[in-house]
Structure formats: C-alpha cells, structure tokens
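Enquirer: Dropping the structure in here first, questions after.
In the numbering used here, the protein residues as written are -17 to 108.
Dropping the structure here:
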C-alpha cells in the first residue's frame, strides 16, 4: 500500500471539518456556550489585572483543557447515541464518564482561577 501524497487542498479541507465541529459544539452544547461566556469574562479580568505572561499561559492552557474535554465528551455522546439510540446502562456509564471529565476539568479551571484571581481581587477590594 502506498502512502497518500501531501495535498494542500486536503489540509485546507481538514481545517474546514474542524471548524464545522466547533460550529456543532457551540450550536448544540449549552455548556460549551457557558464555557465561552466564562472564557470571555476571564480574558477581560486578565486584561484588567494585567496578568503576567506565566499567568496568561496557565489561563489559556486551562481554558483549552475545558474546551477539549467538552469537545471529546460531545463526540463520545454522539458516538454512543449512534451505537445505541435506545437507553442502555452501559452507554449511560460511558456518557457519565465523559461528563465527569468535563466536570473535573471545570473544577480544575475554577481552582486555577481562584489561585490566580483571588489575590488580585483581594488586593483591589481590601
């Protein structure tokens, strides 16, 4: 079997598919829209407080972590619904694990936000 030749057209199409996935995410997933609003608020707070480069890196990685888990959870849910449209305890368990990943990433994001922003808010108000 021969390897497929590199094609710039195929690379461009792959970006189109990825952006299509983001459209699906934000159109269908309410939690993704909540994450987007929180992301906007965090970026505004970061600009207001003049975060250091290191703080920005941590914030950006944390935001990315939450969105990646949300995307993977959405993909898991779509696959599970395709495989078993009817209710199945095994599919429920799979979906619950995906949701747990999103919950854990969101909890970690809150902890990171508290570590970075609480001292700045404390200094501002007290």
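Glycine included, C-beta positions come from ideal geometry on N, C-alpha and C.
(1) Have a look at residue 10 and residue -1 and give me their C-alpha separation to the nearest angstrom.
(2) How long is the line joining the alpha carbons of residue 40 and residue 70, rounded to whole angstroms?
(3) Less than 8 Å between the CB atoms is what I'm expecting for residue 84 and residue 51, so what's the real figure, rounded?
(4) For the region -7 to 77, which segments carrying the alpha helix (DSSP H) assignment without a break, of at least 4 residues, lie completely within its bounds, in sequence order?
(5) Near residue 76, what residues of its chain come up, given a Cβ to Cβ distance below 7 Å and the 5 sequence neighbours on each side ignored?
(6) Where residue 54 and residue 86 are concerned, what is the direct C-alpha to C-alpha distance, given to the nearest angstrom?
(7) Do residue 38 and residue 46 count as a contact pair if the criterion is CB distance below 8 Å?
(8) Considering only the alpha carbon of each residue, which of -3, 56 and -8 lies closest to residue 12?
Expert: So, from the listed chains and residues:
(1) 16 Å
(2) 39 Å
(3) 5 Å
(4) 12 to 31 and 35 to 65
(5) 58 and 62
(6) 13 Å
(7) no
(8) 56
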